[in-house]
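I have placed the structure first, in the form of structure tokens, so that the comments after it can refer back to it.
2 protein chains.
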Amino acid sequence: LIELREVSRSYGEGEATVHALRGVTLSIKSGEMVALMGPSGSGKSTLMNILGLFDRPTGGAYTFGGQDMTRLSARQQASFRGRRIAFVFQGIHLLPRLTALANVELPMSYARMAANTRRESALKALELLGVAHLKDRYPSQMSGGQAQRVAIARAIAPGPDLLLADEPTGALDRKSGELVLQAFQELHEETGVTIVLVTHDAFVGQHAARIVALEDGQVIGDQPVTDR
Amino acid sequence: LIELREVSRSYGEGEATVHALRGVTLSIKSGEMVALMGPSGSGKSTLMNILGLFDRPTGGAYTFGGQDMTRLSARQQASFRGRRIAFVFQGIHLLPRLTALANVELPMSYARMAANTRRESALKALELLGVAHLKDRYPSQMSGGQAQRVAIARAIAPGPDLLLADEPTGALDRKSGELVLQAFQELHEETGVTIVLVTHDAFVGQHAARIVALEDGQVIGDQPVTDR
Ligand SMILES: Nc1ncnc2c1ncn2[C@@H]1O[C@H](COP(=O)(O)OP(=O)(O)OP(=O)(O)O)[C@@H](O)[C@H]1O
Ligand SMILES: Nc1ncnc2c1ncn2[C@@H]1O[C@H](COP(=O)(O)OP(=O)(O)OP(=O)(O)O)[C@@H](O)[C@H]1O
Ligand SMILES: [Mg+2]
Ligand SMILES: [Mg+2]
Chain A
30 LIELREVSRS
40 YGEGEATVHA
50 LRGVTLSIKS
60 GEMVALMGPS
70 GSGKSTLMNI
80 LGLFDRPTGG
90 AYTFGGQDMT
100 RLSARQQASF
110 RGRRIAFVFQ
120 GIHLLPRLTA
130 LANVELPMSY
140 ARMAANTRRE
150 SALKALELLG
160 VAHLKDRYPS
170 QMSGGQAQRV
180 AIARAIAPGP
190 DLLLADEPTG
200 ALDRKSGELV
210 LQAFQELHEE
220 TGVTIVLVTH
230 DAFVGQHAAR
240 IVALEDGQVI
250 GDQPVTDR
Chain B
30 LIELREVSRS
40 YGEGEATVHA
50 LRGVTLSIKS
60 GEMVALMGPS
70 GSGKSTLMNI
80 LGLFDRPTGG
90 AYTFGGQDMT
100 RLSARQQASF
110 RGRRIAFVFQ
120 GIHLLPRLTA
130 LANVELPMSY
140 ARMAANTRRE
150 SALKALELLG
160 VAHLKDRYPS
170 QMSGGQAQRV
180 AIARAIAPGP
190 DLLLADEPTG
200 ALDRKSGELV
210 LQAFQELHEE
220 TGVTIVLVTH
230 DAFVGQHAAR
240 IVALEDGQVI
250 GDQPVTDR
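Protein chains in written order, with this note's numbering: chain A, 30 to 257; chain B, 30 to 257.
See below:
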């Protein structure tokens with residue numbers, strides 16, 4: 030499904046250039062569940078932003094379902110992403126003036142889903158993450174972990190082809206973290222979604238089928254997870 | 030140093046009332062290092078906001094150094110906090126239009142520290158957290174973990190009396206997380222600062238001298254950490 034070949038991303042010029050990614054080559058099959066791990070500053074979020082079409086590489090190629098993503102205009106990227114990719118950001122990013130339910134429904138209204146199907150999918154996703162009772166609250170009225178789970182519900186509700194989750198359990202206790210992993214697992218079994226999750230938690234990494242290790246902008250390891 | 034007696038905090042009224050804290054009684058001695066742990070939604074951030082004078086309890090008493098905190102006006106609270114308390118928020122909260130260095134120096138300029146002492150303390154704190162090389166970058170130009178460490182440097186630089194850290198290692202890999210704990214330890218040894226940190230990480234909890242467990246707005250456990 031996903032082919033990255035020698036993907037690079039740098040910021041700045043000359044001596045001050047920051048090479049966030051230096052030639053990343055990676056293939057991800059449809060339906061795979063991959064954990065992306067590595068030290069702070071190693072390039073994980075940068076790679077996720079490129080996968081999620083929020084950013085373009087400065088070098089290399091990115092093909093999704095056989096289509097060259099670097100050839101799309103910004104508008105085409107946004108449309109493609111809206112239909113097929115879901116993203117959980119490292120910093121949560123809920124819209125503060127919408128309730129939890131409205132936040133979860135928003136991407137689906139952009140995708141032009143019928144109102145009742147949208148509501149049903151939204152409530153089911155909130156339920157799965159244990160936060161359905163907070164559907165009418167605003168982001169400022171929730172705890173950090175509750176807001177994070179609403180952001181995750183928003184990502185899984187439309188049943189995307191590709192789910193990109195940047196540290197989805199960062200602000201969660203063990204119990205809520207397990208709820209999240211179970212929700213991903215369930216989505217994976219029901220829809221065959223491809224999942225890439227960034228995590229610092231070895232326990233979370235073990236839930237994936239494969240671990241890609243990043244360091245200093247390069248892939249330094251790519252191993253299946255044995256003995257799950 | 031800190032006395033909380035039957036502290037309660039609720040939101041809303043009537044049937045919809047949310048009891049975020051239900052009668053928390055807790056004493057913290059000067060120089061203690063306490064870990065506050067508990068499930069998502071159990072009231073940790075609410076308790077931290079009250080300790081940090083960002084919020085008032087709806088019931089109960091809060092005394093700091095013998096002084097009744099609930100009797101202070103909003104302006105007095107802000108002034109007291111500025112001089113004596115430092116806070117690391119669950120969501121980082123750096124000012125996006127200031128560089129890392131400027132962000133770290135800001136609380137010290139409010140406290141009217143001399144410019145050279147301020148700069149020196151800021152650079153030392155950034156160094157301790159392994160992010161001194163990022164001092165001229167803006168928050169949007171840093172990784173999540175790097176931004177979190179700048180927020181921590183900002184909290185420790187002025188040498189506060191009370192350091193409140195809400196999930197300071199949430200977005201960090203093991204190595205950066207250890208840097209943070211070492212920085213707290215070092216500050217604790219040098220200045221005898223009182224530290225309360227919220228964490229979901231048992232490993233981080235073990236670095237404290239005592240663990241207070243919160244559940245559903247109440248203290249359900251309060252134990253010294255044996256065998257460190
Ligand atoms: N403005 C508000 N209105 C209503 N309920 C609120 C409001 N703010 C917080 N709450 C509720 O108060 C409870 C405690 O929230 P708090 O943020 O203290 O939890 P927490 O222990 O920090 O959780 P987490 O580990 O998820 O960060 C939660 O159930 C939350 O939904
Ligand atoms: N706009 C920018 N200008 C300069 N450097 C940048 C910019 N954005 C990111 N970087 C740098 O690129 C590198 C990779 O950042 P990235 O956010 O991908 O790291 P990460 O692996 O997600 O880290 P973390 O685990 O801390 O979230 C970092 O060294 C970061 O400082
Ligand atoms: Mg990141
Ligand atoms: Mg919290």
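Ideal Cβ positions, reconstructed from N, Cα and C, are used throughout, including at glycine.
Owing to the predicted nature of the structure, the values given are computational and were not obtained by experimental measurement.
In this structure serine 150/A touches alanine 186/A by the C-beta definition: roughly 5 Å separates them, less than 8 Å.
Annotated three-state conformation of glycine 95/A is coil, per DSSP. Runs of the alpha helix (DSSP H) lying entirely within the segment 156 to 237 of chain A and spanning at least 4 residues, in chain order: 173 to 185, 203 to 220, 231 to 234. The shortest CA-to-CA distance from leucine 65/A to any of Leu226/A, Glu42/A, Glu44/A is the one to Leu226/A. Checking the 6 Å criterion, the Cβ of serine 108/B is out of range of every heavy atom belonging to ligand 4. For ligand 2, a non-hydrogen atom lies closer than 6 Å to the CB of alanine 49/A. For the segment 56 to 72 of chain A, residues whose beta-carbon sits nearer than 9 Å to a beta-carbon of chain B comprise Met66, Gly67, Pro68, Ser69, Gly70, Ser71, Gly72. Look at glutamine 106/B here: in three-state DSSP terms it is helix. Considering only Val36/B, Ile31/B, Glu32/B, Leu30/B, the residue with the shortest C-alpha distance to glutamine 247/B is Val36/B.
Annotated three-state conformation of isoleucine 249/B is strand, per DSSP. Counting of Cβ neighbours within 10 angstroms places glutamine 252/A among the exposed residues, the total staying below 16. In this structure, the CA atom of methionine 137/B is about 33 Å from the CA atom of valine 254/B. Counting other Cβ atoms within 10 Å of its Cβ, alanine 129/A reaches 16 or more and is therefore classed as buried. In this structure, alanine 182/A lies away from valine 222/A, with their beta-carbon atoms at least 7 Å apart. The beta-carbon of glutamine 247/B is placed no less than 7 Å from the nearest beta-carbon of chain A. For threonine 54/A, the three-state secondary structure derived from DSSP is strand.
A residue is called buried when at least 16 other Cβ atoms come within 10 angstroms of its Cβ; alanine 103/A does not meet this threshold and is exposed.
Residue state for glycine 111/A is assigned as helix, using DSSP reduced to three classes. Rounded to whole angstroms, the gap between the alpha carbons of threonine 99/B and leucine 30/B is 15 Å.
Annotation for leucine 201/B: Gly174, Gln177, Val209 place their beta carbon closer than 7 Å to its own, counting only its chain and skipping 5 residues before and after. Secondary structure note for methionine 137/B: its alpha helix (DSSP H) is the uninterrupted segment 129 to 139. The bridge partners DSSP lists for leucine 65/B are Val227/B, Val241/B.
Here leucine 80/B is buried, its C-beta having at least 16 other C-beta atoms within 10 Å.
In this chain, the beta strand (DSSP E) harbouring serine 37/B covers 31 to 40.
According to the DSSP assignment, serine 74/A belongs to the alpha helix (DSSP H) that extends over 73 to 80.
Remark: C-beta atoms of serine 74/B and aspartate 245/B do not approach each other more closely than 7 Å.
Relative to the Cα of leucine 123/A, the nearest Cα in the group Leu243/A, Gly199/A, Gly188/A, Ser169/A belongs to Ser169/A.
Rounded to the nearest angstrom, the Cβ distance from methionine 62/B to isoleucine 224/B is 5 Å, consistent with a contact under 8 Å. When Cβ-Cβ separations below 7 Å define contact, histidine 48/B makes no contact with chain A. A direct Cα-Cα distance of roughly 42 Å separates proline 68/A from alanine 143/A.
Assignment of beta-bridge partners to phenylalanine 116/B by DSSP yields Leu193/B. DSSP places glycine 70/A outside both helix and strand once states are collapsed to three, so it counts as coil.
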